[in-house]
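Note sheet for the following structure.
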Amino acid sequence: MFKKYLIIVIFLLFSCNSRIEDKVKVGLINVINNDSLYELLTNDFHFKYYKDGVGKERIKPIKNDTIILLKNNLTTSKILDNINKNRILLLNRGQICNLSVNHDKKRKVMRPFLEMLYDEKLNKVVFEIKHLVPQYLNNNYKCIELGENDL
Numbered sequence: 000m001f002k003k004y005l006i007i008v009i010f011l012l013f014s015c016n017s018r019i020e021d022k023v024k025v026g027l028i029n030v031i032n033n034d035s036l037y038e039l040l041t042n043d044f045h046f047k048y049y050k051d052g053v054g055k056e057r058i059k060p061i062k063n064d065t066i067i068l069l070k071n072n073l074t075t076s077k078i079l080d081n082i083n084k085n086r087i088l089l090l091n092r093g094q095i096c097n098l099s100v101n102h103d104k105k106r107k108v109m110r111p112f113l114e115m116l117y118d119e120k121l122n123k124v125v126f127e128i129k130h131l132v133p134q135y136l137n138n139n140y141k142c143i144e145l146g147e148n149d150l
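Residue numbers for the sequence shown follow numbering that gives the first Met the number 0, beginning at 0 and rising by one.
Here it is in C-alpha cells:
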C-alpha cells in the first residue's frame with residue numbers, strides 16, 4: 000500500500016525536467032496534495048496496553064497536519080520557502096530520533112517521516128517513507144531506521 004503511493008509520487012516527479020530544487024518543490028507539493036499519502040505521513044497511533052501487559056491494540060489515530068521531512072542537502076529551508084511551512088517540519092535524524100523516543104515513553108508509535116534522495120544516474124528526485132524506532136540498552140538508546148520493506 001505504501002509502495003503504491005510512493006510510486007505515484009515518484010512518477011509525478013519524473014515528469015519534471017527542471018532543476019533539482021524545482022523537482023523537490025514540485026514533489027513536496029504533490030505529497031501535500033496526495034490525500035492518502037498525506038494522511039499516512041500525518042497520523043500518530045496510540046496503542047492500548049492490556050492489564051496483564053500482553054498484547055497491543057491499535058486505537059484511534061491522532062491527526063497532526065505536519066509532515067516530518069528529514070533534513071539533508073536537498074531539503075534546505077531555502078527550498079521550502081515557497082511551500083506552506085506549517086505543513087512540513089524539517090528535522091535532522093537526531094531530532095527525529097528524540098521525538099521517536101518521546102513518543103515511545105508516552106506509549107505512542109512514531110509516525111513515518113519522508114526522506115528525499117537524488118538519483119544522479121536517473122536525474123530524478125526520489126522519496127522514501129521511513130521510521131526511526133528506538134532501541135534501548137543499559138539505560139541508553141539508539142534509533143534504528145526502518146524502511147517500508149522492514150515493517
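Cβ atoms here follow ideal geometry from the backbone N, Cα and C, with glycine treated the same way.
With contacts defined as CB atoms closer than 8 Å, Val30 and Leu113 qualify as a contacting pair. Distance from the CA atom of Ile28 to the CA atom of Asn138, rounded to whole angstroms, is 41 Å. Here the alpha carbon of Asn33 sits roughly 13 Å from the alpha carbon of Phe126. Nearest in C-alpha terms to Lys22, of all of Asn71, Leu98, Asn122, is Asn122.
Counting along the chain, the unbroken beta strand (DSSP E) around Asn139 starts and ends at 139 to 146.
Residue range 19 to 32 is occupied by the alpha helix (DSSP H) that includes Glu20.
Each of Leu116, Met115, Val108 was checked against the Cα of Pro133, and the nearest Cα belongs to Val108. Annotated as proximal: Val124 and Tyr117, with beta-carbon spacing under 8 Å. Just measuring C-alpha positions, the residue of Leu39, Leu145, Leu131, Gly146 sitting nearest Ser99 is Leu131. Thr41 counts as buried, since at least 16 other C-beta atoms from the protein chains shown sit within 10 angstroms of its C-beta. Burial check for Arg18: the Cβ neighbour count within 10 Å stays below 16, so the residue is exposed.
A distance of 8 Å or more separates the beta carbons of Arg92 and Asp64. Taking every protein chain shown into account, the CB of Arg110 has 16 or more other CB atoms within 10 angstroms, so this residue is buried. Taking a C-beta distance under 8 Å as the contact criterion, Leu39 and Leu68 do not qualify as a contact pair.
Counted as a single uninterrupted DSSP element, the beta strand (DSSP E) harbouring Lys129 occupies residues 123 to 136.
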